[in-house]
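Q: Read left to right, the sequence shown gives residues 7 to 577 (the numbering used here).
We treat Cβ as the ideally placed atom computed from N, Cα and C, and that holds for glycine.
Here it is, the structure, as structure tokens.
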Amino acid sequence: MSVQIPTGAERLIQCLEREGVEYIFGLSGGAAMPLFDALVDSNIKLIMVRHEQGASHMADGYARATGKPGVVLVTSGPGATNTVTGLLTALMDSVPMIVLCGQTISPMLGKDAFQEADVTGITYPVVKHSYLVKRAEEIPLVAREAFHIASSGRPGPVLIDLPKDVTQGPCDAPFVDDVELPGYTVPNRADPEDISAAAELLKASKRPLLYVGHGAVISGAGKAIVSLAERLRAPMVNTLLGKGATDETHPLHLGMLGMHGTAYANKAVVDCDLIMSIGARWDDRITGKLDEFCVDAVKIHVDVDPAEFNKMVPLDLAILGDARLVVEDLLPQIEPADSEAWLAQCEDWRQRYPLKYPKQGGLRAQHVLDRLNDLTRGKAVITTDVGQHQMWAAQFCLSTSNRNWISSGGAGTMGFGFPAAIGAQFGQPEKEVWAVCGDGGFQMTQAELATAQNHKLPVKCLIINNNYLGMVRQWQELFYDNRYSGVDLEGNPDFVKLAQAFGVQAWRIKRPADVDRVLALAHEYDEGPCVVVAEVVKEDNVFPMIPAGAAVKDMLIEKPKAPMQKPTGST
């Protein structure tokens with residue numbers, strides 16, 4: 007009796023099963039048919055999407071919510087190129103993702119075959135690594151390497167391009183458990199001398215500040231960081247993507263720093279005498295004007311990626327290693343800092359410069375998000391799109407648990423929020439998941455309402471509808487003398503009717519008095535996805551704000567009375 011040899015596609019799906027893959031987010035096509043066919047007999051569940059960009063964001067949201075690589079499966083040519091935005095988003099934010107692409111048959115590579123694209127070439131700048139598989143026997147090794155690379159060290163996306171003749175031909179190559187990648191090393195524990203040096207610098211500080219980034223989320227360093235803050239008696243601040251690494255309601259937590267961070271967090275940045283970055287990369291949204299950033303403060307940087315050291319700011323101490331392990335090794339050497347006056351000053355700033363918004367003049371996005379925070383108590387998974395609503399959500403929706411906050415940071419990808427929430431809901435089915443979207447970004451991936459409805463996912467989408475591309479409009483108001491161009495979203499659909507057209511439950515909020523009632527209805531609804539449309543005031547601005555290119559000390563707490571010069575940095 008002969009033993010049937012599996013196809014390359016079947017062997018690849020078996021490799022994914024061995025990696026513990028639960029879901030594949032994808033959209034079919036000719037060059038990927040062998041892979042989709044192999045899924046029919048697999049226990050991996052295919053989540054069919056309406057656009058490949060949606061698939062990449064779903065895999066991203068799944069990965070951020072679980073810590074496990076998200077997997078995408080698309081066809082060749084435009085199917086593959088439609089994932090480029092998702093790959094960039096994942097690379098910028100260090101998210102583990104595997105993108106599997108169908109490709110034309112090997113003999114036709116480079117000959118402009120139907121739906122052929124040089125996908126590995128096109129995506130080279132936006133992946134951690136990529137493969138073009140030329141022989142079926144390479145599949146088990148490539149699969150094992152891809153998952154290892156995607157999820158180890160500083161995580162990132164890996165693309166595997168698979169010609170159709172490779173996936174539909176035979177493959178009896180054995181599975182691979184161990185890989186050897188010369189030149190690829192994953193930092194673990196830090197040099198003990200660096201740990202001791204950090205302890206000495208912290209001991210000498212009177213105004214220390216712990217600056218927590220996404221690397222702390224990835225490594226699960228939150229518990230150790232809170233212990234460090236409590237033992238040292240030092241305040242904590244976090245980046246946009248560092249939200250939830252440590253409980254934002256902790257008494258020592260000052261909230262988010264940076265361009266739209268809290269005033270009291272930014273004042274602490276200006277006045278600290280030591281700032282210790284734990285898994286954060288000193289990006290331009292944090293530093294503002296580089297030559298005026300923490301000029302007199304000692305700077306310590308803990309990171310798993312040595313490429314980040316001294317890239318933006320000159321460091322006094324760089325510590326290479328996993329954030330959690332570094333902080334855990336540091337703790338035994340920590341003594342309380344002489345920081346009582348510093349903590350009192352930070353608390354004074356918190357009381358004098360609270361987040362605030364007008365209570366009159368119509369429905370405010372800040373009010374809606376403030377009440378959402380009270381309703382969910384920091385326990386829900388919140389994803390966001392990009393824009394004003396994102397910053398207001400970061401300010402008012404406090405996260406108390408790791409991996410409960412999911413947002414596009416480095417790439418600033420509009421259209422990310424809703425599909426990311428779908429992926430997060432698949433990854434964390436027991437949790438309440440809210441997508442906070444703007445009316446502009448939501449329309450970019452709104453077709454994924456069908457995906458959520460088909461699976462009766464209880465994901466909740468809050469659309470902050472101001473009929474503008476609000477963040478760009480804010481900049482045009484402040485820096486371009488109210489010369490609005492390309493920001494008015496005239497022609498927006500009725501989002502309630504749009505949701506209903508997909509069979510999705512939807513409500514509208516028009517008045518402040520309706521906020522609590524409607525949010526409670528959505529909170530209790532669990533028969534499938536639902537949409538809440540908040541019709542907020544058209545022209546409102548996010549404050550505090552550090553204009554791009556300005557120093558942190560030049561933060562605006564409210565709208566300036568005099569016209570401002572055009573910013574020198576990016577929006």
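Mind checking which residues open and close the beta strand (DSSP E) that includes ILE515?
A: Counting along the chain, the beta strand (DSSP E) containing ILE515 begins and ends at 511-515.
Q: For ILE325, list the residues DSSP reports as bridge partners.
A: Per DSSP, VAL308.
Q: Grouping DSSP H, G and I as helix and E and B as strand, with all else coil, what is GLN121?
A: The answer is coil: DSSP assigns GLN121 none of H, G, I, E or B.
Q: In chain order, which beta strand (DSSP E) runs of at least 3 residues are fully inside the region 272-304?
A: 280-284, all fully within the region 272-304.
Q: What does a CB cutoff of less than 8 Å around LYS516 pick up in its chain, not counting 5 residues either side in sequence?
A: The residues are LEU369 and GLU541.
Q: So what's ASP178 in DSSP terms, helix, strand or just coil?
A: Looking at ASP178 - three-state DSSP - the assignment turns out to be coil, as it is neither helix nor strand.
Q: Is ALA343 near ARG239, with beta carbons less than 8 Å apart?
A: Taking 8 Å as the Cβ cut-off, ALA343 and ARG239 qualify as a contacting pair.
Q: Is DSSP giving HIS256 helix, strand or coil here?
A: Three-state result, HIS256: coil.
Q: What is the residue span of the beta strand (DSSP E) that CYS443 lies within?
A: First-last of the beta strand (DSSP E) with CYS443: 439-444.
Q: Looking only at its chain, what residues have a beta carbon closer than 7 Å to the beta carbon of ILE134, apart from the 5 residues adjacent to it on each side?
A: According to the sequence shown, residue 134 is Lys rather than Ile. Closer than 7 Å at Cβ, skipping near neighbours: LEU97, ILE155, ALA156, GLY162, PRO163 and VAL164.
Q: Express the C-alpha separation of GLU496 and ASN472 in angstroms, rounding to a whole number.
A: Cα to Cα, the separation comes out at about 10 Å.
Q: Alpha carbon to alpha carbon, how far is THR91 from PHE31?
A: If I take the Cα positions, the gap works out to 15 Å.
Q: For the beta strand (DSSP E) that ASP167 lies in, which residues bound it at each end?
A: Note, ASP167: beta strand (DSSP E), 163-169.
Q: Using beta-carbon positions only, say whether LYS51 and GLU23 come within less than 8 Å of one another.
A: Contact: no.
Q: Where in the region 201-243 do unbroken runs of the beta strand (DSSP E), each at least 3 residues long, occur, reported from the N-terminal end onward?
A: Entirely contained in the region 201-243, the beta strand (DSSP E) runs reaching 3 residues are, in chain order, 214-218.
Q: For GLY267 and GLY175, I'd like the C-alpha separation in whole angstroms.
A: Distance between the alpha carbons of GLY267 and GLY175 is about 55 Å.
Q: Between TRP513, PHE422, ARG291 and ASP376, which lies nearest to ALA556 when the distance is taken from Cα to Cα?
A: Minimum Cα distance to ALA556 is reached at ARG291.
Q: Taking only the alpha-carbon atoms, compute the straight-line gap between VAL539 and ARG514 and give it to the nearest angstrom.
A: Distance between the alpha carbons of VAL539 and ARG514: 5 Å.
Q: Could you have a look at ALA417 and say whether DSSP puts it in helix, strand or coil?
A: Three-state result, ALA417: coil.
Q: For a minimum of 4 consecutive residues, which ranges assigned as the alpha helix (DSSP H) are wholly contained in the region 27-100?
A: Those alpha helix (DSSP H) runs which fall completely within the region 27-100 and span 4+ residues are 39-45, 58-72, 84-87 and 90-98.
Q: Look at ASP322 and LYS295 and say whether their C-beta atoms are less than 8 Å apart.
A: Contact flag unset, no.
Q: Which residues does DSSP list as the beta-bridge partners of SER411?
A: Sequence inspection shows Trp at residue 411; the Ser mentioned does not correspond to that position. DSSP output for TRP411 lists ILE388 as bridge partner(s).
Q: Check for me: the beta strand (DSSP E) holding CYS403 runs from which residue to which?
A: Run containing CYS403: none; DSSP gives neither H nor E here.
Q: What are the partner residues of HIS135, as DSSP defines its beta bridges?
A: Looking at the DSSP assignment, HIS135 forms a beta bridge with VAL164.
Q: Nearest to PHE84 by alpha carbon, out of MET551, HIS259 and GLY36?
A: For the record, residue 84 in the displayed sequence is Pro; it is not Phe. With distances taken between Cα atoms, PRO84 lies closest to GLY36.
Q: Starting from GLU541, follow its DSSP beta bridges and name the residues at the other end.
A: ASN471.
Q: Per DSSP, what kind of secondary structure is VAL333 in: helix, strand or coil?
A: Looking at VAL333 - three-state DSSP - the assignment turns out to be helix.
Q: Secondary structure at ASP532, three-state DSSP: helix, strand or coil?
A: Three-state result, ASP532: coil.
Q: Would you report the Cα separation of ALA648 and ARG70, rounded to the nearest angstrom?
A: Residue numbering for the chain in the displayed model covers 7 to 577; residue 648 lies beyond these limits and cannot be assessed.
Q: To the nearest angstrom, report how far apart THR606 and GLY108 are at their CA atoms.
A: Because residue 606 is not part of the residues shown, which for the chain are 7 to 577, the question remains open.
Q: If you measure between the beta carbons of GLU254 and LEU361, is that distance less than 8 Å?
A: For GLU254 and LEU361, no; Cβs fall outside 8 Å.
Q: Below 8 Å on the Cβ atoms is my guess for ALA123 versus SER158; work out the distance and round it to an integer in Å.
A: About 29 Å; that fails the 8 Å criterion.
Q: Report buried or exposed for PHE181, applying the criterion of at least 16 other Cβ atoms within 10 angstroms of its Cβ.
A: By the neighbour-count rule (16 or more Cβ atoms within 10 Å), PHE181 is not buried but exposed.
Q: Tell me whether GLN109 sits in a helix, a strand or coil according to DSSP, three-state version.
A: In this structure, GLN109 counts as strand in the three-state DSSP scheme.
Q: Could you tell me how far apart the beta carbons of LEU94 and PRO169 are, in whole angstroms, since I believe they sit closer than 8 Å?
A: Their Cβ separation, rounded to whole angstroms, is 25 Å, which puts LEU94 and PRO169 out of contact at 8 Å.
Q: Using CA coordinates, which residue listed in GLY444, ASN379, LYS437 and THR390 is at the minimum distance from ASP532?
A: Answer by Cα proximity: LYS437.
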